[in-house]
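Undergrad: From first to last, the protein sequence lines are chains A and B. With UniProt numbering, the residue at position 77 of the first sequence is 77, and numbering never jumps. With UniProt numbering, the residue at position 87 of the second sequence is 87, and numbering never jumps. Beta carbons: idealized from backbone N, C-alpha and C, even for Gly.
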Amino acid sequence: MNLYEFLYYIILPILSISAVLVFIRFLLGPSLSDRVVALDLLITIGIGIISIYSIVTNQPTFLDIAMILALIAFLGTVAFSYYLEKRKKNE
Amino acid sequence: MSEILIYILTSFGAIFILLAGIGVLRMPDLYLRISVTTKAATLGIGLVLLSAGIYFNDSSITTRVLAIILFMFLTAPVGAHLIGRSSYFTGIQLWKKSLMDDLEGKYEKKTHVLQSDEKEVENPIATNKEDEIQKNP
Numbered sequence: 001m002n003l004y005e006f007l008y009y010i011i012l013p014i015l016s017i018s019a020v021l022v023f024i025r026f027l028l029g030p031s032l033s034d035r036v037v038a039l040d041l042l043i044t045i046g047i048g049i050i051s052i053y054s055i056v057t058n059q060p061t062f063l064d065i066a067m068i069l070a071l072i073a074f075l076g077t078v079a080f081s082y083y084l085e086k087r088k089k090n091e
Numbered sequence: 001m002s003e004i005l006i007y008i009l010t011s012f013g014a015i016f017i018l019l020a021g022i023g024v025l026r027m028p029d030l031y032l033r034i035s036v037t038t039k040a041a042t043l044g045i046g047l048v049l050l051s052a053g054i055y056f057n058d059s060s061i062t063t064r065v066l067a068i069i070l071f072m073f074l075t076a077p078v079g080a081h082l083i084g085r086s087s088y089f090t091g092i093q094l095w096k097k098s099l100m101d102d103l104e105g106k107y108e109k110k111t112h113v114l115q116s117d118e119k120e121v122e123n124p125i126a127t128n129k130e131d132e133i134q135k136n137p
């Protein structure tokens, strides 16, 4: 088994299974903060899948998209926490 | 030689990410879930990105990978602290088996100002709880 088959048939399914598990928590999550945490972890797993794909397809350009996703995940978490606090204060 | 390193790094990274997924699904409390996302997932993503940097073996791509890893290591604790703080303020309960809550009665509910004075520690609610714990260990 060479490197590409190992990455394609073992590592990518493990990452997909963990993404499905996190998505179950995203659907279940009793409060809104649980959903925000699950969304953050989903984007983080997406960065891992993109970097594995960039190895398999031999295209390092995909890593730029990984950087932009990391930025968007941080901004989303900060904005969600800010507006959660604001919403509670107005009630 | 670098192929063996890529095998090892991607295997450990995938295992850590899978553990983070299981932990987010199975942990009983929001705060424990936040701790899982910050530690295990960040370590796993760092290992996977490092394997990509080793595979391409080019200085510009390695710099890019190191920038992503540094950015994630900087922003994961900040984001976790922000979401934990706001969810504590919005009144999400801790797990009922958790033993102590250090922030109990230490902030004003309207202005969201944290205080750590001695007077605030000795309010009646906290002392009652401590007495109950000492009677029924």
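Nearest by alpha-carbon distance to A52/B: which of M100/B, K97/B, T10/B is it?
TA: Mapped onto the second sequence, residue 52/B falls at position 52. Of the candidates M100/B, K97/B, T10/B, the one whose C-alpha sits nearest the C-alpha of A52/B is T10/B.
Undergrad: Which residues, taken in chain order from the region 13-38 of chain B, show a beta carbon closer than 8 Å to some beta carbon of chain A?
TA: Flagged, chain order: G13, A14, I15, I17, L18, A20, G21, I22, V24, L25, L30, R33, I34, T37.
Undergrad: The alpha helix (DSSP H) with T10/B in it runs from where to where?
TA: Position 10 of the second sequence, counted from the first residue, corresponds to residue 10/B. Run containing T10/B: 2-26, per the alpha helix (DSSP H) assignment.
Undergrad: What are the residues that DSSP puts in a beta bridge with L114/B?
TA: Numbered from its first residue, the second sequence carries residue 114/B at position 114. Note: L114/B sits in a beta bridge opposite Y107/B.
Undergrad: Quick one: complete alpha helix (DSSP H) runs, 4+ long, within the region 53-91 of chain A?
TA: Runs of the alpha helix (DSSP H) inside the region 53-91 of chain A: 62-90.
Undergrad: Return the first residue and the last residue of the alpha helix (DSSP H) that I61/B is part of.
TA: To locate residue 61/B, count along the second sequence from 1; it is residue 61. I61/B -> alpha helix (DSSP H) spans 59-89.
Undergrad: Could you name the residues of chain A that F73/B contacts, counting a contact when the two beta carbons are closer than 8 Å?
TA: Translated into the one-based positions of the second sequence, residue 73/B becomes position 73. By Cβ distance, chain A contributes nothing, its closest Cβ being about 11 Å from F73/B, past 8 Å.
Undergrad: Can you pull the chain B neighbours of R25/A, defined as C-beta to C-beta under 8 Å?
TA: For the purposes of this step, residue 25/A is taken as residue 25 along the first sequence, with counting starting at 1. Chain B residues near R25/A: V24, L25, R33.
Undergrad: Exposed or buried, what is I8/B when buried is set at 16 or more other beta-carbons lying within 10 Å of its beta-carbon?
TA: Translated into the one-based positions of the second sequence, residue 8/B becomes position 8. I8/B should be labelled exposed.
Undergrad: Can you tell me the Cα-Cα spacing of V78/A and S2/B, whole angstroms?
TA: Position 78 of the first sequence, counted from the first residue, corresponds to residue 78/A. Position 2 of the second sequence, counted from the first residue, corresponds to residue 2/B. Computed Cα separation, rounded: 38 Å.
Undergrad: Mind checking if E3/B is an interface residue toward chain A, Cβ cutoff 8 Å exclusive?
TA: As a position in the second sequence, residue 3/B is number 3, starting the count at 1. Yes, contact with chain A.
Undergrad: Where do the ends of the alpha helix (DSSP H) carrying Y55/B lie?
TA: Locating residue 55/B in the second sequence gives position 55, counting from the first residue. Residues 42-56.
Undergrad: For P13/A, report the span of its alpha helix (DSSP H) as first-last.
TA: Along the first sequence, one-based indexing puts residue 13/A at 13. It spans 12-28 - the alpha helix (DSSP H) in which P13/A sits, taken as one unbroken run.
Undergrad: Could you give the distance in angstroms between the alpha-carbon of V121/B and the alpha-carbon of L12/A?
TA: Along the second sequence, read from residue 1 onward, the residue named residue 121/B stands at position 121. Along the first sequence, read from residue 1 onward, the residue named residue 12/A stands at position 12. Because the pLDDT of V121/B is 47, which lies under 50, any placement of that residue in the model is unreliable, and the number read from its coordinates should be weighed accordingly. V121/B and L12/A: Cα-Cα distance of roughly 50 Å.
Undergrad: Under 9 Å between beta-carbons, which chain B residues line up against S16/A? List them in chain order, please.
TA: Residue numbering aside, residue 16/A sits at position 16 when the first sequence is read from its first letter. Chain B residues near S16/A: none, gap ~10 Å exceeds 9 Å.
Undergrad: Mind pulling the chain B residues with CB within less than 7 Å of I45/A?
TA: Here residue 45/A is taken as the residue at index 45 of the first sequence, counted from 1. Per Cβ cutoff of 7 Å: I17.
Undergrad: Got a sec: which bits of the region 62-77 of chain A sit with their beta carbon under 7 Å from any beta carbon on chain B, in order along the chain?
TA: So the close ones are L63, A66, M67, A70, F74, T77.
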